[in-house]
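Undergrad: In the UniProt record's numbering, the protein residues as written are 1 to 585.
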């Protein structure tokens with residue numbers, strides 16, 4: 001015993017997945033108990049259902065007996081009326097009408113008694129009422145049944161009586177061919193007795209087959225004589241499996257319709273052949289079995305609760321560390337390599353977590369090294385490109401100064417040299433890469449002064465700025481390459497003088513620098529190539545537009561950069577978005 005307890009304690013300390021799985025499978029015994037309980041419950045249910053079948057059959061037998069009695073009584077009344085008509089001495093209508101009225105007065109469920117000739121002519125009616133116009137008596141179903149089968153009493157389906165003016169009750173018609181005495185002998189005729197269907201309806205409605213159960217009646221060919229939801233049957237919203245009911249005269253069977261399991265019980269009314277069909281819902285029939293199996297039910301509930309609690313604890317214990325490891329992997333998948341949360345759990349999960357974090361650490365170090373290498377490479381490329389600007393621009397400017405000295409324009413020489421010195425002073429900025437927007441605008445203004453000296457009256461320029469953005473910091477030498485492109489590629493080839501407008505403003509919490517010209521413009525394809533850095537031109541402009549875009553993104557992030565709007569023969573607008581950062585010096 002001690003060795004067994006020691007092994008259990010040791011297994012608990014190991015906490016391996018194998019131990020957890022073994023413990024989980026132990027719970028299968030509880031499920032076996034649940035299965036046995038369900039089987040016992042089903043056995044008791046079967047017994048309860050059999051008792052319910054017998055009870056339903058007894059109820060329908062009582063309904064059959066009541067309908068038999070009622071229909072036999074109606075048949076006797078019909079025979080009595082037939083006898084009165086046959087024995088009418090001398091064909092006296094007055095005495096016959098008195099007798100028929102007495103019968104109608106005696107039985108309140110008799111709506112009317114009428115006799116028609118074979119041609120459909122009304123011979124007598126009790127109570128006396130006026131016929132409706134254009135009524136085709138010979139087309140009535142009860143009339144045709146009496147003519148086609150003159151020796152048998154016919155019962156029609158329930159219908160609205162529409163022979164006479166006035167009320168139109170719901171009736172069942174009894175008809176048969178008879179002979180009446182006339183002045184020239186016996187005359188073949190049809191006797192019609194209309195019985196109020198309300199009596200049959202009440203007999204069926206008094207039957208209780210649970211809260212949802214009901215009884216309906218069909219004739220020999222499946223036509224519905226009575227149904228508690230007859231209107232829904234007529235409009236097609238409800239359907240009964242009458243074909244199956246016609247195959248059986250007596251007995252019970254179970255069917256499943258629209259997800260409901262129902263008990264169908266059938267009885268036949270002789271000699272009419274009408275079938276009484278009882279519909280009982282199984283979920284109501286088996287109500288009694290709950291009393292029988294109450295003890296088993298509560299026992300199963302108790303076992304299930306215990307099993308659920310144990311399973312919840314074990315499943316949470318197994319899945320929690322694995323889910324934590326999964327969330328860490330999702331963070332790495334989304335690019336977050338800062339995960340470093342030790343995960344506790346089974347021995348295997350701990351080892352997997354350890355290996356995973358070691359791998360993430362190595363990947364993080366490699367990525368950081370790669371980023372540093374790429375930034376250093378990118379900065380060196382930008383510095384090389386930046387260094388190429390000064391000699392090229394200085395060469396062109398000095399050539400212009402030499403020409404102006406040669407033609408004696410000393411004031412222009414002074415202006416050019418002064419602007420050149422201030423241009424280089426701002427470019428150097430004591431080695432700083434960030435300057436204020438005011439200094440950047442001053443830098444581009446001196447650049448435009450020098451270029452305007454070179455190009456004479458080729459273009460004009462305008463520089464505007466909001467006071468709020470002048471102290472903000474920006475990368476230096478952002479605007480000058482864009483202005484250079486505007487001159488070389490937009491205005492230089494124009495016949496008319498051009499215009500360059502430079503604007504600095506605040507928009508949506510960011511600083512917006514705009515360079516707008518009315519030059520030749522560019523197509524959308526060229527614009528995309530310029531922004532992507534893939535456009536090749538015969539006359540290079542020093543630093544490309546794409547390099548400026550990359551400088552901004554490298555320094556400030558993905559949310560900033562450069563936009564180009566341009567149309568052929570209209571001009572170009574270059575927008576630079578940088579963060580709103582105040583100069584704290």
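All C-beta atoms, glycine included, are put in the ideal place defined by N, C-alpha and C.
Can you check DSSP and say which residues form a bridge with residue 434?
TA: Translated into positions along the chain shown, residue 434 becomes position 434. Partner(s): 475.
Undergrad: For residue 578, count neighbouring C-beta atoms within 10 Å of its own C-beta (all shown protein chains included) and say buried if the count is 16 or more, exposed if not.
TA: Counted from its first residue, the chain shown places residue 578 at position 578. Classification of residue 578: buried, given that the 10 Å Cβ count is 16 or more.
Undergrad: To test your reading of the DSSP string, which unbroken beta strand (DSSP E) runs of 3 or more residues are found completely within the stretch 63 to 117?
TA: Qualifying beta strand (DSSP E) stretches, in chain order: 110 to 117.
Undergrad: Distance check for residue 105 and residue 165, CA to CA, integer angstroms please.
TA: In the chain shown, counting from the first residue as 1, residue 165 sits at position 165. In the chain shown, counting from the first residue as 1, residue 105 sits at position 105. Roughly 20 Å between the two C-alpha positions.
Undergrad: Return the bridge partner residues of residue 576 from the DSSP annotation.
TA: The residue labelled residue 576 in the question sits at position 576 within the chain shown. Note: residue 576 sits in a beta bridge opposite 513, 562.
Undergrad: What does the Cβ neighbour count give for residue 134, buried or exposed, with the cut at 16 atoms within 10 Å?
TA: Within the chain shown, residue 134 is the residue found at index 134, counting from 1. With fewer than 16 other Cβ atoms within 10 Å, it is exposed.
Undergrad: According to DSSP, is residue 543 part of a helix, a strand, or is it coil?
TA: Along the chain shown, one-based indexing puts residue 543 at 543. Any reading at residue 543 must be qualified, since the residue scores a pLDDT of 47, below 50, and its modelled position is unreliable; the value itself is stated next. Looking at residue 543 - three-state DSSP - the assignment turns out to be coil, as it is neither helix nor strand.
Undergrad: Do you know whose CA, among 352, 442, 447, 366, lies nearest residue 393's CA?
TA: Taking the chain shown and counting its residues from 1, one reaches residue 393 at position 393. When only C-alpha atoms are compared, the closest one is 447.
Undergrad: Assign residue 213 to one of three DSSP states: helix, strand, or coil.
TA: Here residue 213 corresponds to residue number 213 of the chain shown, with the count starting at 1. Reduced to three states, the DSSP call for residue 213 is coil.
Undergrad: For a test of the three-state rule: what should DSSP assign to residue 414, helix, strand or coil?
TA: As a position in the chain shown, residue 414 is number 414, starting the count at 1. In this structure, residue 414 counts as helix in the three-state DSSP scheme.
Undergrad: Note down the Cα distance separating residue 246 from residue 221, rounded to an integer number of angstroms.
TA: The residue given as residue 246 occupies position 246 in the chain shown. The residue given as residue 221 occupies position 221 in the chain shown. Distance between the alpha carbons of residue 246 and residue 221 is about 8 Å.
Undergrad: Buried or exposed, going by whether 16 or more other CB atoms sit within 10 Å of the CB of residue 141?
TA: In the chain shown, residue 141 corresponds to position 141, counting from 1. The residue is exposed, with fewer than 16 neighbouring Cβ atoms inside 10 Å.
Undergrad: Take residue 14 and list the residues in its own chain whose beta-carbon comes closer than 6 Å to its own, dropping the five residues that flank it on each side.
TA: Counted from its first residue, the chain shown places residue 14 at position 14. In this prediction, residue 14 scores a pLDDT of 46, lower than 50, which makes its location untrustworthy; no coordinate-derived value is stated.
Undergrad: Under 8 Å by Cβ, that's how I've got residue 568 and residue 523 pegged, so tell me the actual separation to the nearest angstrom.
TA: Within the chain shown, numbered from 1, the residue matching residue 568 stands at position 568. Within the chain shown, numbered from 1, the residue matching residue 523 stands at position 523. About 6 Å separates the two Cβ atoms, so the contact holds.
Undergrad: Excluding five sequence neighbours on each side, which residues of the same chain lie with their C-beta closer than 7 Å to the C-beta of residue 463?
TA: For this step, residue 463 is matched to residue 463 along the chain shown. Excluding positions up to five away in sequence, the list reads 441, 445, 502.
Undergrad: Could you give the residue range of the alpha helix (DSSP H) that holds residue 200?
TA: Within the chain shown, numbered from 1, the residue matching residue 200 stands at position 200. It spans 198 to 205 - the alpha helix (DSSP H) in which residue 200 sits, taken as one unbroken run.
Undergrad: Kindly provide the ranges of any alpha helix (DSSP H) runs that are 4 or more residues long and lie completely inside the stretch 117 to 169, ordered along the chain.
TA: Entirely contained in the stretch 117 to 169, the alpha helix (DSSP H) runs reaching 4 residues are, in chain order, 141 to 148.
Undergrad: Please report the residue range of the alpha helix (DSSP H) in which residue 226 lies.
TA: Within the chain shown, the letter at position 226 stands for residue 226. Element bounds for residue 226: not the alpha helix (DSSP H) but the beta strand (DSSP E), 224 to 226.
Undergrad: Is the beta carbon of residue 515 closer than 8 Å to that of residue 437?
TA: To locate residue 437, count along the chain shown from 1; it is residue 437. To locate residue 515, count along the chain shown from 1; it is residue 515. Against a cut-off of 8 Å, the Cβ pair of residue 515 and residue 437 comes out as no contact.
Undergrad: State the start and end residues of the unbroken alpha helix (DSSP H) segment that holds residue 524.
TA: As a first step, residue 524 must be located in the chain shown, where it is residue number 524. From DSSP, the alpha helix (DSSP H) with residue 524 extends over 524 to 532.
Undergrad: Residue 77 and residue 110 look like a contact to me (Cβ under 8 Å); what is the Cβ gap, rounded to whole Å?
TA: As a position in the chain shown, residue 77 is number 77, starting the count at 1. As a position in the chain shown, residue 110 is number 110, starting the count at 1. Residue 77 to residue 110, Cβ: 7 Å. Contact.
Undergrad: Can you tell me whether residue 275 is buried or exposed? The criterion is at least 16 other CB atoms within 10 Å of its CB, across all chains shown.
TA: Residue 275 sits at position 275 when you count from the first residue of the chain shown. Under this definition residue 275 is a buried residue.
Undergrad: Check each candidate in 54, 355, 455, 552 and name the one with the smallest Cα separation from residue 251.
TA: Reading the chain shown from its first residue, position 251 is the one you call residue 251. Residue 251 has its Cα closest to that of 54, out of 54, 355, 455, 552.
Undergrad: When you compare only the Cα positions, how much space is there between residue 176 and residue 68?
TA: For the purposes of this step, residue 176 is taken as residue 176 along the chain shown, with counting starting at 1. For the purposes of this step, residue 68 is taken as residue 68 along the chain shown, with counting starting at 1. Each residue's alpha carbon lies about 20 Å from the other.
Undergrad: Which of the three DSSP states is assigned to residue 195 in this structure?
TA: Locating residue 195 in the chain shown gives position 195, counting from the first residue. If DSSP states are grouped into helix, strand and coil, residue 195 belongs with the strands.
Undergrad: Give me the Cβ distance between residue 563 and residue 499, rounded to the nearest whole Å; I'm assuming they're in contact under 8 Å.
TA: Position 563 of the chain shown, counted from the start, is the residue given in the question as residue 563. Position 499 of the chain shown, counted from the start, is the residue given in the question as residue 499. Between residue 499 and residue 563 the Cβ distance is about 20 Å, and since that is not below 8 Å, they are no contact.
Undergrad: For residue 202, tell me which candidate among 350, 120, 534, 70 has the shortest Cα-Cα distance.
TA: By 1-based counting over the chain shown, the position of residue 202 is 202. The shortest Cα separation from residue 202 among 350, 120, 534, 70 belongs to 70.
Undergrad: Is there a C-beta anywhere in chain D that falls below 8 Å from the one on residue 433?
TA: No chain D appears in this structure, which consists of one protein chain only.
Undergrad: Please report how far the alpha carbon of residue 130 lies from the alpha carbon of residue 213, in whole angstroms.
TA: To locate residue 130, count along the chain shown from 1; it is residue 130. To locate residue 213, count along the chain shown from 1; it is residue 213. Whole-angstrom Cα-Cα distance: 42 Å.
Undergrad: Using a Cβ distance threshold of 8 Å, determine whether the stretch 156 to 174 contacts the stretch 192 to 200, with at least three qualifying pairs required.
TA: Taking 8 Å as the limit for Cβ pairs, the verdict is that the stretch 192 to 200 does touch the stretch 156 to 174.
Undergrad: Look at the alpha carbon of residue 154 and the alpha carbon of residue 187, and state the distance between them as a whole number of angstroms.
TA: Along the chain shown, one-based indexing puts residue 154 at 154. Along the chain shown, one-based indexing puts residue 187 at 187. Roughly 20 Å between the two C-alpha positions.
Undergrad: If I measure Cβ to Cβ from residue 521 and keep anything under 8 Å in the same chain, skipping five residues before and after, which residues do I get?
TA: Here residue 521 corresponds to residue number 521 of the chain shown, with the count starting at 1. So the list reads 490, 566, 567, 568, 569, 570, 571, 572, once near-sequence residues are dropped.
Undergrad: Going straight from the alpha carbon of residue 336 to that of residue 369, what length do you get?
TA: Numbered from its first residue, the chain shown carries residue 336 at position 336. Numbered from its first residue, the chain shown carries residue 369 at position 369. Whole-angstrom Cα-Cα distance: 16 Å.
Undergrad: State the DSSP-derived secondary structure class of residue 331, mapped to helix, strand or coil.
TA: Taking the chain shown and counting its residues from 1, one reaches residue 331 at position 331. If DSSP states are grouped into helix, strand and coil, residue 331 belongs with the helices.
Undergrad: Return the Cβ separation of residue 401 and residue 416 in integer angstroms, given the expectation that the two are a contact with Cβ distance under 8 Å.
TA: Here the question's residue 401 lines up with position 401 in the chain shown. Here the question's residue 416 lines up with position 416 in the chain shown. Right, the Cβ-Cβ distance comes to about 6 Å (below 8 Å), so this counts as a contact.
Undergrad: Cα-Cα, which of 132, 207, 180, 152 is closest to residue 161?
TA: The count along the chain shown starts at 1 and reaches residue 161 at position 161. Answer by Cα proximity: 132.
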